[in-house]
Structures are given as structure tokens and as C-alpha cells.
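*Asks:*
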Amino acid sequence: MSHPPSPVIAMPYDQLRRDFDATAADLFGNGYMMTGRERMSRVQELHDLALQVLAAAQDRPDAIKIGASIATVIRHANSMTTAATHAEILRERYERARLGQPVCF
């Protein structure tokens, strides 16, 4: 006997936006201390929340402004993630060079 699918309960825009903003603040505040895997997980979570926020905001009169704001945060998150990854690579290279080990470029 199969069960009917569970209904998807959409969260209100305000709650989704709070979750999105909190996730972004955590990523921006702690992203450089996270491992690459943790950082990518948080970025993926941020992207998922962004889609939910945009869907919840589509009928709002300020939907375009919200979309622009979300896009800006996503661009900054992607940029910060790339910068943190490059910083890790540079730290590894520096440590190898300091120890006299071959450094790959």
C-alpha cells in the first residue's frame, strides 16, 4: 500500500529571507576559517535558499529589488569562496617552500 506524497509546505518570504541572510552572514564571517568542503556546503545551502526566497517573493511589489539583492549576495559569496580557495593554495605553497619542498604552480 503506497502513501500519498507529503505536501510541500512553503515557508513565508520573511522567514526564508532571514534564513538566507543568516547563512550569508555565517559564510562571510566564518568562510575563511571553514574547510573547502564546509564552505562549498554553505554556498550550496545559500544557493538553495536563494531559489526559495525568489520563489516566495515573485508576487511581491518589490520582487525585482529582492532579486537584485539576492544576486548581489550570491556573487559576493561565490567571489569570497574563490578567494578563500586561492588563499588556501597560497598557504600550502608557502608552507612547502618554507620546508624546502617542491612547489607546484
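Letter 92 of the sequence shown, counting from 1, is numbered 76 in the working numbering, and no numbers are missing. Cβ atoms here follow ideal geometry from the backbone N, Cα and C, with glycine treated the same way. Values in this document were obtained by computation on a predicted structure and should not be read as measured data.
DSSP state of THR56, grouped into three classes?
*Replies:* helix
*Asks:* Could you tell me whether the stretch 48 to 65 touches the stretch -7 to 11, using the rule of 3 or more Cβ pairs below 8 Å?
*Replies:* yes
*Asks:* Keeping to the same chain, check which residues put their C-beta closer than 7 Å to that of THR69; ignore five residues upstream and five downstream.
*Replies:* Excluding sequence neighbours, THR69 sits near GLY20.
*Asks:* Can you give me the Cβ contacts of TYR(-3) inside the same chain, cut-off strictly under 6 Å, excluding the 5 residues immediately before and after it?
*Replies:* ALA40, ALA41
*Asks:* Along the alpha helix (DSSP H) that carries ASP32, what are the first and last residues, could you check?
*Replies:* Start and end: 20 to 41.
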